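Heads up, the sequence shown is in my numbering, so the first residue is 206 and it goes up one at a time.
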Amino acid sequence: MNLRDRLDPLAMAATTLLCALWGFQQVAIKVTNAAISPAFQSGLRSLGALILLLGWCWIRGVKLFIRDDTLWPGIFAGGLFAAEFALIYWSLVFTEVARSIIFLYTAPFFVALGAHYFVPGEKLRVIQILGLLCAFAGVLIAMWDGLSLPSSRAIFGDLMMLGAAVLWAATTVLIKGSNLARIDPARTLGYQLAVSGVALTTLALVFGEAGIVAVTPLAVASLAYQTVIVAFASYLAWFALMRVYPASTLSAFVFFTPIFAMIFGAALLGERLSIALGAALVFVAFGIWLVNRPRAA
């Protein structure tokens, strides 16, 4: 396996596509929320994707769960993944979406910082810090219209979302800095889907949030999209990319996700589109370019 120090054009295109898929997922979640409670929805998504992954691995002859030196890191990564999504869904009970996105997308900063200290060969450079700040500024510009002064309740939700960002980053750094980075991406994904699927559905049942209000064709299609396209296919592709490319460089691309979410929300749900979206895209793109610049010879 050839490790790269930055993204090539094919990896950039693939990562941008993944961000678009994750941005569209925000629309799918909103649609499904009307039929299935959020936490239970997330658990069902993981369990459904796990079934697909088991079939995929059976066809390829890959054993998902083996008692080797990846077992405990894999279970730990799955626990982090489950806790992250639990905080994301519950934080939205207390805070606004526009505010929450800003806190969630601090994750690339934590990834870059963690990779600097814990992943060999991924030392953080000043130009990369500037690039991350520039891309984050783009997210701020895009979301600025939707911000309001926080209440104590909103601050609590914001802190939960910030915790989710830290957990997201911790999961990425753990995978990149452990033996999980050197195994088949399907096995890495398998740990996360198995632990999160069981944990999230159990939490939803314990807290009385395992509700299915109505089953409509649109809700089923939305949940199927989250399960098949996002939790199975896109995450499998993401972990395959993580085996080869730097974690901090890949994570910088996720700043595109809220931009795509805004575009899809406006196009499909009639949500208001920020007039500053064009400037936001420029800032995000320029920031990612700075992060991915080659080292000087």
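Think of the CB as a built atom: it goes at the ideal place given N, C-alpha and C, for glycine as much as any other residue. All values derive from a computational prediction rather than experimental measurement.
Check: How about the region 463-475 and the region 225-232: do they share at least three Cβ pairs that are nearer than 8 Å?; Outcome: yes
Check: So what does DSSP say about Ile264, is it helix, strand or coil?; Outcome: helix
Check: From the DSSP output, which residues share a beta bridge with Ile241?; Outcome: Ile417
Check: Just curious, the alpha helix (DSSP H) that Arg448 is in, first and last residue?; Outcome: 440-449
Check: At least one CB of chain D closer than 9 Å to the CB of Ala484: is that the case?; Outcome: Looking for chain D here will not work: only one protein chain is present.
Check: So, with DSSP's three-state summary, where would you put Ala502?; Outcome: Residue placement at Ala502 is flagged as unreliable, the pLDDT there being 46, under the threshold of 50; the coordinate-derived value follows with that caveat. The answer is coil: DSSP assigns Ala502 none of H, G, I, E or B.
Check: Just to confirm before moving on: does the CB-CB distance between Leu495 and Ile332 stay below 9 Å?; Outcome: yes
Check: Is it buried or exposed, Tyr322, if we count other Cβ atoms within 10 angstroms and call 16 or more buried?; Outcome: exposed
Check: What span of residues does the alpha helix (DSSP H) with Gly475 cover, start to end?; Outcome: Per DSSP, Gly475 belongs to no alpha helix (DSSP H) and is neither H nor E.
Check: By DSSP, does Tyr310 sit in helix, in strand, or in coil?; Outcome: coil
Check: So what's Ser383 in DSSP terms, helix, strand or just coil?; Outcome: coil
Check: To which residues of the same chain is Leu446 closer than 7 Å at the C-beta, ignoring the five residues directly before and after it?; Outcome: Ala216, Ala219, Thr220, Leu455
Check: Could you tell me the distance, in whole angstroms, from the CA atom of Ala404 to the CA atom of Gly248?; Outcome: 7 Å
Check: Roughly how many angstroms lie between the CA atoms of Ala485 and Ile264, to the nearest whole one?; Outcome: 43 Å
Check: Return the CA-CA distance between Gly260 and Ala288, expressed in angstroms with no decimal places.; Outcome: 26 Å
Check: Using alpha carbons as the reference points, say which of Thr432, Asp389, Tyr450 lies closest to Pro214.; Outcome: Tyr450
Check: Closest to Ala424 by CA distance: which of Asp210, Pro243, Ser439, Ile307 is it?; Outcome: Pro243
Check: Between Phe361 and Leu255, what straight-line distance do the alpha-carbon atoms span, to the nearest angstrom?; Outcome: 32 Å
Check: Measure the alpha-carbon distance for Phe469 versus Val435 and round it to whole angstroms.; Outcome: 16 Å
Check: If contacts are defined as beta-carbon pairs under 8 Å, then Ala386 and Ile464 qualify, I think. What distance do you get, rounded to the angstrom?; Outcome: Wrong, their Cβ atoms sit about 28 Å apart, outside the cutoff.
Check: Could you tell me the alpha carbon to alpha carbon distance between Cys224 and Leu329, rounded to whole angstroms?; Outcome: 23 Å
Check: On the CB-based measure, 16 or more other CB atoms within 10 Å of its CB, does Trp277 come out buried or exposed?; Outcome: exposed
Check: Check whether the region 307-324 touches the region 362-381, taking contact to mean three or more Cβ pairs, one atom from each stretch, closer than 8 Å.; Outcome: yes
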